[in-house]
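In this text, residue positions in the sequence shown follow my numbering: the first is 859, and each later residue adds one.
These notes concern the structure reproduced below.
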Amino acid sequence: MKCVMTALAAAVACTFAAGAAFAEPKTNLLHQWATGSDAQAIAKLGEMFTAKGGKWEQTSIAGHTANTLAKLRADVIAGNAPPAVQLKGPEIAEWNKTGMTADLDELAASEGWEKVVAPELLPVMKPTGKWVAAPMNIHRINWLWASPKVMQAAGVTEMPKTWAEFNAACDKIVASGKICISHSTADWTDSTVFEVVLYGQDIDLYRKAFVEGDVESMRSPGMVKAFQQMRLMTTKYMDPGMVGRDWDSMSALVGKGDAAFHIMGDWTIGLLTAAGFKEGTDYVCAQAPTDWGKPGFVLNSDSVVFFKQKEQDYIDGQKLLASLILSPDFQTVFNQAKGSIPARLDIDLSKGFNPCQQLSQKDLQASIKDGTLVRSMAHNMTIPQKMRGAIMDAITEFVATPDMSPEDGANAMADAAEAQK
């Protein structure tokens, strides 16, 4: 088979076809997608890697992001940095400072990543100007999932657009005997709901506190207001079963008609689909409430960072893996399974994607135009991990302490964040 290689992209394509230059590209992806639809989605990447002649291995670390970071640090200290790791946000920049990340610029240039990847992701994937990571998707955090059956039975005729409308709807739903908000309490789930509340009430305060990490803004009246809304939700609209409930069972309460609403990112689509629930019948979706009247988007993105390797098979494997991750085929099948939308903006979502994913892409573009796009603090896209962890602990302490006042909650958050500066 003849194969003319005029650029790296052509070289990759030709070796895929001829099976020549990559003798046996290898990888071992360190990630935290150990269960459910997440595990199914990452399995698709392994299948594609193997189909292209690669040797696929993975190390999945269940639980919190901190568990994955602990494994990464241990491997690095042992002199065995993994070839590929699921990381995001500030973590990418922090590891890039070590000088241990691989340079993907040649591959990125040959495949035109700069032209197709969402602009908001570029400084994250290339923290000092060079590509060191490949984005897999774009998650939207500020979603409101709802049971049309529960809403209809309670006399709620449309999805609430503001927090006042949301509270009024919840009052009707609670009066009808149903749970208003399906929730499972944990630091990341509590913080997801809280950041959606704050963002929907005051986008400027969100940016100041959760993107810039400004401590004094965390003591402001606007932050106290967000804690007031959170207290109302935890004591009146959520049920006692939220303590100890598995995080991946929250959406099923909506799908089964046991709860009206669920505030969570779009991986909820994967969970609902896997459980057999149908969009439009068992659940509907909408942007979570905002008080400022425009499309908004709280962004999270999963990505894979590549670390320098000595063995040629792993270096070849990095090129193959990165190329696959940014390929239209993977961006399509992975995100269809996971519920997110492609990191590439040139993927057509009109076929094979859930209507909620189609709405997500539309609102992403509108939020870019209107200047309402922000990155997620709760999902580690903004402030350093130490400050983030302290803020999340403070939010969960507030949720778990019903007699803590909103003022005390705001001050506790600010104190915790200040201690990590």
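By construction, the Cβ of each residue, glycine as well, lies at the ideal position given by its N, Cα and C atoms.
Check whether residue i and residue j have beta carbons under 7 angstroms apart
i	j	result
I1253	F1052	yes
A1146	V1054	yes
P883	G1175	yes
D1124	R998	yes
A942	L1184	no
S1161	K946	yes
G1071	M1271	no
I919	Q890	yes
A1236	A1275	no
G894	D1140	no
Residue burial classification, residue i (beta-carbon count within 10 angstroms, cutoff 16)
i	result
T1259	exposed
G1154	buried
T1047	buried
G1113	buried
T1126	buried
N925	exposed
T1015	exposed
D1060	buried
W989	buried
Start-to-end residues for the beta strand (DSSP E) that takes in residue i
i	result
S1218	Not the beta strand (DSSP E): S1218 falls in the alpha helix (DSSP H), residues 1213-1228.
I1121	1117-1121
R1089	First-last for R1089: 1079-1090, but that is the alpha helix (DSSP H), not the beta strand (DSSP E).
F1256	F1256 -> not in any beta strand (DSSP E); alpha helix (DSSP H) instead, spanning 1243-1258.
F1155	1155-1158
N886	884-889
Inter-residue spacing [alpha-carbon to alpha-carbon] between residue i and residue j
i	j	result
Q944	A1011	43 angstroms
L1222	V1163	24 angstroms
W1021	T1148	7 angstroms
K1030	G1013	7 angstroms
S1225	Q1216	14 angstroms
S1234	N1158	6 angstroms
K973	G1267	44 angstroms
K1196	D896	6 angstroms
K1136	S1005	11 angstroms
A1027	Y1095	10 angstroms
R1089	D1171	54 angstroms
V1277	P1242	Note that residue 1277 is Ala in the sequence shown here, rather than Val. For A1277 and P1242, the distance between alpha carbons rounds to 13 angstroms.
A939	W1003	40 angstroms
P1290	T917	This structure does not reach residue 1290, given that the chain is present from 859 up to 1279, and the question cannot be answered.
Endpoints, alpha helix (DSSP H) assigned at residue i
i	result
L965	963-969
V1069	Careful: V1069 lies outside any alpha helix (DSSP H) and carries neither H nor E.
### Query
For the segment 905-939, which segments carrying the alpha helix (DSSP H) assignment without a break, of at least 4 residues, lie completely within its bounds, in sequence order?
923-935
#### Entry: Within the segment 989-1066, ranges of the beta strand (DSSP E) (whole runs, at least 3 residues)
991-993, 1001-1004, 1037-1039
### Task
Ignoring anything shorter than 4 residues or poking outside the segment 1150-1209, list the alpha helix (DSSP H) runs there in chain order.
1170-1183, 1186-1196
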